[in-house]
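Numbering (this note's numbering), first residue to last: 1 to 535. Just so it is clear, CB atoms sit at the ideal spot from N, CA and C, and this is done for glycine as well. Treat the numbers as computed from the prediction; the structure is a model and nothing was measured. The structure under discussion appears below in the form of structure tokens.
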């Protein structure tokens, strides 16, 4: 049993049986393709335009910053994946480190983030509307569009129904297309539409100020676009030699994806015609950005290719997302957040099929209230970031607790973890009040799930003890919501920039050390209980 895991006599035997059924068939290239494919999805089709509208040419700085900051967060996640490889690890580690309250709230957030796959499907519908206008209208899916999206969701679930080796091979083929088409787009646009004045005209390099670079991280879809690097970690339980393979796959996947996004942003900035910039960068508006831009430049062959690839790229990410979400749901069932019925792994294929079916239902639900790509990704990105923050705490707890251990792969984890936590908190805050007023209350609803689960099971530590050790997360979410309302990122402006971001950083540091101390106490109690049981 991994160190720090809750000793649940009823759960451990069945969990071990199901875990043994997972096949260790993935190697470095398979994991790297999963990382790259999960990062480069619909983001490459839309994020360059939304980032340019938000920050102008300065959006290039946003991509560089997002890449560096995500690598920092990834280092902490890598340490956890290398030292504790397990299917759905990003759901399990917060439970091990911080107890059931934190594990349940983060697990609830992860379950909600299944809706991110709906964003990929929505992107496909938005581009497909070029040929079938009845699918997408006025920023949302039509009834017929919902029907097609539901059918596509079922197809993606069916493709994930078989062995993980087949999944990896199909994903490798999709990844080749997801590299070739964006690179061809970059070259074609730069050759056909290069305008060297783009970085200085129409308001200059930073027409809306450098603070807009921060807004572009969330509002421009940049955080969502570079998100997804954690995918190899959630497949670490199905990987050959995870201590060596997982770290390399995560970092290489991030590096390749950020380089591609930078190239696409440059191509978009230099290729947009003057006629589209009469109202500045904020006036640029394409329903299908690169496809329509290719038509404006008379690149009809490229436009045809792009509209076709608009199915392949988001479809590939949705394909990986469906598989990844199934591992999360499987882990949630192991945690006890979901009924253990969903923990079952089919013996021949090694696939958690019941989890796949549940996730299909969640995807279909999320397709209904959200209409467009940007609406979905703005909320879903916050769900991912909260998971990263909880994992930063978990890494520090495992390192700090008496008898704690980590893989030792990441040097300087004692300072990397708190910085990663603060970075995650800032990313959440920069999402803006418009998105956080929906996202954070949704996550806080996980507290109700915890209370209901604790009342129904009646097992584990006393309720007061769980509330005491997990209170840091509830306070963190509540205060972030308040700061967002007070701040300058779509809030009331009572707390102006840059003092709002500085306040979030100071608050984040304080909560981080509170969380680590609480986690260390959880580990001490658990170690004492285990020693008494063994004695």
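- Contact between residue 306 and residue 286 does not hold, since their C-beta atoms are separated by about 12 Å, which reaches or exceeds 8 Å.
- Separation of residue 228 and residue 43 (C-alpha to C-alpha, rounded to the nearest whole angstrom) is 11 Å.
- Under the three-state reduction of DSSP, residue 384 is assigned to helix.
- Taking a C-beta distance under 8 Å as the contact criterion, residue 424 and residue 392 qualify as a contact pair.
- Straight-line spacing of the CA atoms in residue 67 and residue 462 works out to 42 Å.
- Measuring C-alpha to C-alpha distances from residue 122 to each of 145, 130, 508, 200 identifies 145 as the nearest.
- By the 16-neighbour rule on beta-carbons within 10 angstroms, residue 250 is buried.
- Cβ-Cβ distances below 6 Å link residue 213 to 55, 58, 61, 62 in the same chain, with the five nearest sequence neighbours on each side left out; the list follows chain order.
- Excluding residues up to 5 positions away in sequence, 245, 248, 249 lie with their Cβ nearer than 7 Å to the Cβ of residue 28 in the same chain.
- For residue 435, the uninterrupted alpha helix (DSSP H) segment begins and ends at 433–444.
- If you draw a straight line from the Cα of residue 368 to the Cα of residue 383, it is about 19 Å long.
- For residue 319, the closest of 273, 299, 342, 157 by C-alpha to C-alpha distance is 157.
- The beta-carbon distance between residue 75 and residue 416, rounded to whole angstroms, is 6 Å. This is short enough to meet the 8 Å contact definition.
- Note that the C-beta distance between residue 492 and residue 486 is below 8 Å.
- About 13 Å separates the beta carbon of residue 332 from that of residue 324, a gap too long to meet the 8 Å contact definition.
- Setting aside the 5 residues that flank it on each side, residue 321 is surrounded in the same chain by 117, each with a C-beta closer than 6 Å to its C-beta; the list follows chain order.
- DSSP places residue 421 in the uninterrupted alpha helix (DSSP H) bounded by 413–430.
- For residue 363, the enclosing alpha helix (DSSP H) begins and ends at 353–367.
- Shown here for residue 258: same chain residues with a beta carbon closer than 6 Å to its own, the five before and five after excluded, namely 67 in chain order.
- Between residue 421 and residue 508, the CB-CB gap stays under 8 Å.
- Taking each of 268, 389, 436 in turn and checking the Cα distance to residue 489, the smallest one comes out for 436.
- CA-CA distance, residue 262 to residue 51, rounds to 11 Å.
- Bridge partners of residue 137 according to DSSP: 140.
- In the assembly as shown, residue 284 is a buried residue. Its beta-carbon has 16 or more other beta-carbons within 10 Å.
- Across the set 231, 515, 334, 396, the C-alpha of 334 shows the shortest separation from the C-alpha of residue 107.
- Going by DSSP, residue 207 is part of no alpha helix (DSSP H) at all; its letter is neither H nor E.
- In this structure, DSSP gives residue 130 a state outside helix and strand, which the three-state scheme calls coil.
- Membership of residue 291 in the alpha helix (DSSP H) is indicated by the continuous run 289–296.
- Between the alpha carbons of residue 271 and residue 190 lies a distance of about 7 Å.
- Between the beta-carbon of residue 522 and that of residue 99 there is about 5 Å, and that keeps the pair under the 8 Å contact cut.
- Collapsing the DSSP output to three states places residue 216 in a helix.
- Shown here, residue 85 sits in coil according to DSSP, grouped into three states, outside any helix or strand.
- Spatial neighbours of residue 203 in its own chain (CB-CB distance under 8 Å, excluding positions within 5 residues in sequence) are listed in chain order as 56, 280, 281.
- Residue environment: residue 500 is assigned as buried (16 or more neighbouring CB atoms within 10 Å of its CB, all protein chains considered).
- Separation of the CB atoms of residue 90 and residue 292 is rounded to 37 Å, and the pair is thereby denied contact status at 8 Å.
- DSSP places residue 484 in the uninterrupted alpha helix (DSSP H) bounded by 463–486.
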